[in-house]
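Single-structure report; data block below.
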């Protein structure tokens, strides 16, 4: 947590919506970095490279299940539709925020929310 009550409230709001199993406030320490890298290696998210050749280096690949964006589901959200440009899909920001909130409900169950 932080002494910034506004930030604490914002995190609490989003954690309530997303429902993570736990929340980790990142501190940027070397120990935390090593803990996160060890966890990603253990989980198969990356491979630690040879420290003699590439000290402190890791190899990450794109996840095959991660798909590129779909144009007809990509929107520019701005107050005025003309600001989105002639070849973009437009949506009102408030309407899109409501739409997206429904997708976030419970999306982090079984996961850790990292606050950077």
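Residue numbers (the working numbering): 24 to 139. We put the beta carbon where it would ideally sit given N, CA and C, even for glycine. Note that the coordinates shown come from a computational prediction; the quantities given were computed from them, not determined experimentally.
Pairing residue 115 with residue 76, the inter-Cα distance amounts to about 51 Å. With a minimum length of 3 residues, the unbroken runs of beta strand (DSSP E) contained wholly in the stretch 30-91 fall at 45-48, 69-71, 81-83.
Under the three-state reduction of DSSP, residue 24 is assigned to coil, being neither helix nor strand. Within its own chain, the residues whose Cβ lies closer than 8 Å to the Cβ of residue 104, once the five positions on either side in sequence are excluded, are 113, listed in chain order. Excluding the 5 residues flanking it on each side, residue 130 has same chain C-beta neighbours closer than 6 Å at 41, in chain order.
When DSSP reads this structure, residue 97 sits in no beta bridge, so it has no partner. Leaving aside the five residues that flank residue 98 on each side, the residues in its chain whose CB is nearer than 7 Å to its CB run, in chain order, 112, 113, 114, 119. In terms of Cα proximity to residue 84, the closest of 65, 54, 69 is 69. Judged by their CB atoms, residue 128 and residue 44 are not nearer to each other than the 9 Å cut-off.
Close CB contacts of residue 56 within its chain, under the 8 Å cut and outside five residues either way in sequence, are absent.
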